[in-house]
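Colleague: Just dropping this structure here.
Numbering (this note's numbering), first residue to last: 11 to 189.
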């Protein structure tokens, strides 16, 4: 078989794989992302699989594609989005995630930021992931539920518990720093 024949055979195999698996992978992505993002990640999923070589080289192509799509979804949801304007009283946790303050509060900010990072690391994984996606990355609870494969109610509970624990810890650090 010549090099050109090998490329043609591999190309036909990928066309067949796309035909067989793109529908279910796209449905998976659409349950977790807006339609345009789902389409983009479908293409990225197949591009990454194609970089791995021929579909015949991948032991379980369907599992590989779904795992790739899941990881791309989580990465997509972790990317920062524009911060929404605050309404009502400022939330100390959201103030911490908004960025660095002016020179007057820089030392305090660094101290509280380090405290927040330490406390985040102690949260249960489900609480930490929901909090990071919803609060720090600005995702909607619906997006977080789709990305993490949990219900909307579970996301609300996880974020609430994470906020409560982090706010309590930050208040303890603030009291300790002001003494």
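Backbone N, C-alpha and C define an ideal beta-carbon position, used for all residues, glycine too.
#1: Among 79, 166, 57 and 136, which residue has its Cα nearest to the Cα of residue 43?
#2: Leaving out five residues on either side along the sequence, give the residues of the same chain with a beta carbon under 7 Å from the beta carbon of residue 36.
#3: Indicate the three-state DSSP secondary structure (helix, strand or coil) for residue 70 in the structure shown.
#4: Using a Cβ-Cβ cut-off of 7 Å (strictly less than) and excluding sequence neighbours within five positions of residue 83, which residues of its own chain qualify?
#5: Can you tell me the Cα-Cα spacing of residue 159 and residue 25, whole angstroms?
#6: Taking the CB atoms as reference points, tell me whether residue 144 and residue 154 lie closer together than 8 Å.
#7: Less than 8 Å between the C-beta atoms of residue 172 and residue 131, yes or no?
#8: Label residue 182 either buried or exposed according to how many other C-beta atoms from any shown protein chain fall within 10 Å of its C-beta, with 16 as the threshold for buried.
#9: State the DSSP-derived secondary structure class of residue 33, mapped to helix, strand or coil.
#10: Taking the straight line between their C-alpha atoms, what separation do you get for residue 180 and residue 161?
#11: Give the secondary structure of residue 64 by DSSP, where H, G and I count as helix, E and B as strand, and everything else as coil.
#12: For residue 81, does the count of other Cβ atoms within 10 angstroms reach 16, so buried, or fall short, so exposed?
#13: Which two residues bound the contiguous alpha helix (DSSP H) that contains residue 158?
#14: Please list, in chain order, all residues of the same chain as residue 170 whose beta carbon is under 6 Å from its beta carbon, the five residues on each side excluded.
#15: Could you compute how far the alpha carbon of residue 63 sits from the alpha carbon of residue 69?
Modeller: According to the structure shown:
#1: As a position in the chain shown, residue 43 is number 33, starting the count at 1. Out of 79, 166, 57 and 136, 79 has the C-alpha closest to the C-alpha of residue 43.
#2: Along the chain shown, read from residue 1 onward, the residue named residue 36 stands at position 26. 48 and 52.
#3: As a working note, residue 70 is residue 60 in the chain shown. In the structure shown, residue 70 sits in coil (DSSP, three-state: anything other than H, G, I, E or B).
#4: Sequence index remark: in the chain shown, residue 83 carries index 73 (1-based). The residues are 39, 42, 43, 51 and 157.
#5: By 1-based counting over the chain shown, the position of residue 159 is 149. By 1-based counting over the chain shown, the position of residue 25 is 15. Going from the Cα of residue 159 to the Cα of residue 25 covers about 29 Å.
#6: Sequence index remark: in the chain shown, residue 144 carries index 134 (1-based). Sequence index remark: in the chain shown, residue 154 carries index 144 (1-based). Against a cut-off of 8 Å, the Cβ pair of residue 154 and residue 144 comes out as a contact.
#7: Taking the first residue of the chain shown as position 1, residue 172 is located at position 162. Taking the first residue of the chain shown as position 1, residue 131 is located at position 121. In this structure, residue 131 does not lie closer than 8 Å to residue 172 by Cβ.
#8: Stepping through the chain shown from its first residue, residue 182 is reached at position 172. Exposed: under 16 other Cβ atoms inside 10 Å.
#9: Residue mapping note: residue 33 aligns to position 23 of the chain shown, counting from 1. Helix.
#10: Stepping through the chain shown from its first residue, residue 180 is reached at position 170. Stepping through the chain shown from its first residue, residue 161 is reached at position 151. Straight-line Cα distance between these residues: approximately 28 Å.
#11: Residue mapping note: residue 64 aligns to position 54 of the chain shown, counting from 1. Residue 64: coil per DSSP, three-state reduction.
#12: By one-based count along the chain shown, residue 81 stands at place 71. It counts as exposed.
#13: Stepping through the chain shown from its first residue, residue 158 is reached at position 148. First-last of the alpha helix (DSSP H) with residue 158: 151-158.
#14: Within the chain shown, numbered from 1, the residue matching residue 170 stands at position 160. The answer is none, since no qualifying residue turns up.
#15: Indexing the chain shown from 1 puts residue 63 at position 53. Indexing the chain shown from 1 puts residue 69 at position 59. Near 12 Å, if we compare the C-alpha coordinates of residue 69 and residue 63.
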